[in-house]
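Protein chains in written order, with this note's numbering: chain A, 42 to 534; chain B, 42 to 534.
Note that beta-carbon positions come from the ideal geometry of N, C-alpha and C, so glycine has one too.
Number of protein chains: 2
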Amino acid sequence: MGAKGVKQETEEQQDFVKEVTKMSDDFDRWYTDVVRKAELADWSGVRGMMVVRPYGWAMWEAIMRAFDDMIKESGHENWAFPLLIPREYLMKEAEHIEGFAPEVAWVTRAGGSMEELEEPLAVRPTSETIIGPLIKRYIQSHRDLPKLTNQWNSVVRWEMRSRLFLRSREFWWQEGHTFHASADEAMQEADLILGYYRSIAEDWLAVPVLTGRKSPAETFPGAVHTLTVEGLMRDGLALQMGTSHYFGQNFARAYDISFSNRENARELCYSTSWGISTRLVGALVMAHGDDSGLIMPPKIAPIQVVIVPIFRDDESRTKVERFIDTWSPNLRAAGIRHRVDWRDERPGDKYAHWELKGVPIRLNVGGRDADAGQVEMVDRLARQKVGVPISGIGKRLAHELDAFQKKLFDRALNYQSDNTYQLETLDQVVAHFRERGGFVWTQWCGEGEEEARIKTDAGGVTIRTIDEETKVSGRCFVCGRPAKSRVALAKAY
Amino acid sequence: MGAKGVKQETEEQQDFVKEVTKMSDDFDRWYTDVVRKAELADWSGVRGMMVVRPYGWAMWEAIMRAFDDMIKESGHENWAFPLLIPREYLMKEAEHIEGFAPEVAWVTRAGGSMEELEEPLAVRPTSETIIGPLIKRYIQSHRDLPKLTNQWNSVVRWEMRSRLFLRSREFWWQEGHTFHASADEAMQEADLILGYYRSIAEDWLAVPVLTGRKSPAETFPGAVHTLTVEGLMRDGLALQMGTSHYFGQNFARAYDISFSNRENARELCYSTSWGISTRLVGALVMAHGDDSGLIMPPKIAPIQVVIVPIFRDDESRTKVERFIDTWSPNLRAAGIRHRVDWRDERPGDKYAHWELKGVPIRLNVGGRDADAGQVEMVDRLARQKVGVPISGIGKRLAHELDAFQKKLFDRALNYQSDNTYQLETLDQVVAHFRERGGFVWTQWCGEGEEEARIKTDAGGVTIRTIDEETKVSGRCFVCGRPAKSRVALAKAY
């Protein structure tokens, strides 16, 4: 799941961003410029670790709030499990540790004289291996199930490449871990969460996604199957936006998590885990941005409406200020996150600043507007000026923001449709990805050898997801034998 | 600031808690029993680190939400700074590192072959030393100030003693770090936050507190002064519930955080830091509990009202269930966090269970209540049964919860008054603390030698806070020289 074909940014790009590179000139550079100049995040000076700035963190807070509400409504509970995991715990599930060992940071010393610990402690790369041994204390009988746990935290993975929000040595996420009395129930749980992730992507971030099962090569270490939500970025690359794993009894076996079932016999639990991370902030940038910078879906936007006062002198400033004061409380009452930009800058510079930051709606307000009892509204997508009377402005803006959310989704959906293809042979696939990106639907026999060939022959293209609903009758695009399933291919972050 | 005079709990006390020890028999044991049996937290098996369970975490979530709203309203912004701090950064402020070095856990190895890092990285014990070097990038001129940062995270301190919520190797908190253009403004910031902390303690947790400045011996390493919020627990010991530090230019000097002032000259910033932590959950337990367990202030209570259905057979169960269904939606509409307890247990066991968990109001609902159109209300403080008609029950319960919050505060305030003394000499102080706890007000010359003698002679008693508002004319209780200030003494956690 590497960042194949993606140019590596260097953390030394720490100088001040004067101009945002044009997206069409260099997408990777554009991305980093936007993330930094719009004040979402920076590299921290600690190699591979980022500092998330308030504007970026507020986006993550909106995502956290939305998802936390969803899972609490369906009975999930937040816990806090330890940051540090004894090596012995980590080593119990063979596949899992094989997947994570290369990325673990180890605490080996502590205290004033930096004494060596008896056993190294891993800074959690994910918490399955500490939650397993802990949760079993609280599970005796089927009446104690399901246990639907979640936690919000940061994890550390010693990545060698780095890219703001997409790949860094520390990232912030939620990790859900659930334990059930039956395989069916656990699989339904993994499905339920996949639905939530789709909703976060589509209804909140306004990013249309493909959802489905991962191929074996892309399945989470230790999982029976992994479900995924895949979005398409504006450079034609796919981005995995969230995954939900069904473990069967694998983890329960490794950590001896069992319960007495209705027949009073001991049985191993069935478990799931699932996560979305600050990577979604990067997804939002790459799915919606343009040469002027970010475009924020209103539901996530830290600032939904910015008001730019326009005046020549103190007298007209006072006039405009009084005018704004008469109606801006209505915005607050309507629950609209807004700000009046009184900074000592020229209006044109302010426009560019808030466009870069992707604020959905801007209101320009001058003396003539005050006289006319209206404001000039400009939205970040259409960029046309519309006069809007201040009577009923709270309701009107709430309506405009809803419409903006929908338009942004439709724009991304059109982009996805325009960049989704249907191909039949490996030659076609290789030729396609030599020229362009996007999703390519094709048919596959289900074998690992064929999956490996795609990656090699088509320069890092992978199966992003398997469509399990559509029946197939054709032939595998690699080997020509009868196909088992329809799959979406893409180059991915 | 140690846990002097407090019996050490062992983490091996991991067996099932059958009966909660009586508070009067053994307060420390009572505390641990309640925390564990009420399902707030447990030791994790990783030495010194706890696992916070959903009921305990929901209490912390309520505190987080309340405080986060306060600081955002006054323009503070949440950031995410890195978890790991290079040793070089940590070493720059001499007093600070002296204070924290004995407690630091170090990441020294990473990756598949556990290679040694070039420079060890500290798992943050607090973030001054990483925020300093980072924030200076964003501060050029006085127009960039103030910078009002906060973050919610967990920190690691390699403590040798441990006590659930009060002292553990990992705890969860918010750490605020602010940077200002003048000393006055920074001191005002520290005062503002102290006021918020008082409000969290008194208005939310219902714990009355003393507030004021710390003596030099109790001041945060590197700070010019430390402000504190001190509550009194039901064993007569004080607990520091939050601190707000004014650094002057100390940290700005160590990390070269400067700005160009209005005269266009470079000047070092003035900074503050401040934090409250999951320790507040422990404070709530110890300030309000009784022999039956927890008593929750409604504003923090994860469950404010529990409904216990009472029935003999399926028929009466159906009747009670239908009755509850007619009015329980009104509780939701009134914003009351409630639960109906349908578990397969006897009513008496349910009563004890919810009393242990400190739920403020319990409604017993049987067939006869259904006939009469009423419920039997029992509150966790008065424990008297009152018949309440279901008409208007949402409003009535909201009112009862408000009253409960106030009664709980008054009860704690009475306890504090009953356990606050005025003494004049060291002999009196020593004699007092041999017999009992509480706060002792006295007068002090302000000298460090005298402060040290209190601790030695009175078995760990410390100056909890200095009253800076009252003028004093008497003599120092230790040396008999003219006193400079009125101080509150106590044994503390």
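query	result
For the region 163 to 175 of chain A, which residues have a beta carbon sitting closer than 7 Å to at least one beta carbon of chain B?	V164, P174 and L175
Could you give the distance in angstroms between the alpha-carbon of T466 of chain B and the alpha-carbon of V481 of chain B?	11 Å
Would P350 of chain A be called buried (16 or more neighbouring beta carbons within 10 Å of its own) or exposed?	buried
Looking at the C-beta of R195 of chain A, does it have a partner C-beta in chain B at a distance below 8 Å?	In the sequence under discussion, the amino acid at residue 195 of chain A is Ser, which differs from the Arg named in the question. Yes, its Cβ sits closer than 8 Å to a Cβ of chain B.
On the three-state DSSP scale, how would you describe G407 of chain B?	coil
Where D468 of chain A and D459 of chain A are concerned, what is the direct C-alpha to C-alpha distance, given to the nearest angstrom?	21 Å
Would you kindly report the start and end of the unbroken alpha helix (DSSP H) that includes A293 of chain A?	N291 to Y296
Does the count of Cβ pairs from the region 431 to 447 of chain A and the region 332 to 346 of chain A closer than 8 Å reach three?	yes
Please name the residue, chosen from B:G173, B:F288, B:M132 and B:G153, that lies closest to G153 of chain A on a Cα-to-Cα basis.	B:M132
Taking the alpha-carbon of V196 of chain A as reference, which of A:Y238, A:L125 and A:K177 has the nearest alpha-carbon?	A:L125
What is the rounded straight-line gap between the Cα of D185 of chain B and the Cα of G389 of chain A?	21 Å
So S369 of chain A and V381 of chain A are supposed to be a Cβ contact under 8 Å. How far apart are they, rounded?	7 Å
For the region 111 to 132 of chain A, which residues have a CB atom closer than 8 Å to at least one CB atom of chain B, in sequence order?	E118, N119, W120, A121, F122, P123, L124, L125, I126 and P127
Taking only three categories from DSSP, how would you classify Q463 of chain B?	strand
DSSP on R527 of chain B, reduced to helix/strand/coil?	strand
Given the structure, does P166 of chain B come close to the ligand COA, in the sense that its CB is under 7 Å from one of the ligand's heavy atoms?	In the structure shown, the ligand COA is absent, as is every other ligand, since no ligand is present at all.
Given a cut-off of 8 Å on the beta-carbon distance, is the pair T506 of chain B and E271 of chain B in contact?	yes
Please go through the same chain and pick out, in chain order, the residues whose beta-carbon is closer than 7 Å to the beta-carbon of F450 of chain B, but skip the five residues on each side of it.	E243, A247 and P249
Closest by CA to D83 of chain A, which one among B:M111, B:E80 and B:F122?	B:F122
Thinking S115 of chain A and S301 of chain A are a contact (beta carbons under 8 Å), I'd like their distance in whole angstroms, please.	The Cβ separation is near 26 Å, so there is no contact.
Which bits of chain B does M39 of chain A rub up against, with CB to CB less than 7 Å?	Lying before the first or after the last residue shown, residue 39 of chain A is absent from chain A, which here runs from 42 to 534.
Taking 8 Å as the threshold, find out whether the region 217 to 230 of chain B comes into contact with the region 311 to 318 of chain B through three or more Cβ pairs.	yes
If you check the beta carbons only, do M64 of chain B and G330 of chain B fall under 8 Å apart?	yes
CB-CB under 7 Å to R527 of chain A, same chain, minus the five flanking residues each way: which ones, in chain order?	W482, Q484, D508, T511 and V513
Return the CA-CA distance between E441 of chain B and L422 of chain B, expressed in angstroms with no decimal places.	12 Å
In the DSSP output, what is F212 of chain B paired with across the bridge?	B:V196
From the DSSP output, read off the bridge partner residues of W147 of chain B.	A:R150 and B:A163
R275 of chain B and M327 of chain B look like a contact to me (Cβ under 8 Å); what is the Cβ gap, rounded to whole Å?	6 Å
Note down the Cα distance separating V265 of chain B from S256 of chain B, rounded to an integer number of angstroms.	11 Å
Determine the direct distance from the alpha carbon of R210 of chain A to that of D74 of chain A, and round the result to whole angstroms.	20 Å
Between S85 of chain B and L175 of chain A, how many whole angstroms is the CB-CB distance? I'm expecting something under 8 Å.	6 Å
Using Cβ-Cβ distances below 9 Å, what residues of the region 365 to 383 of chain A are close to chain B?	none
How would you list, in chain order, the residues of chain A whose beta-carbon sits under 8 Å from the beta-carbon of S85 of chain B?	F122, P123, I171 and L175
From the DSSP output, in three-state form, read off N482 of chain A for me.	In the sequence as presented, Asn is not what sits at residue 482 of chain A; that position holds Trp. W482 of chain A: strand per DSSP, three-state reduction.
So the beta strand (DSSP E) I507 of chain B belongs to, where does it begin and stop?	T503 to D508
At 7 Å on the CB atoms, spell out the chain B contacts of M90 of chain A, in chain order.	P123 and L125
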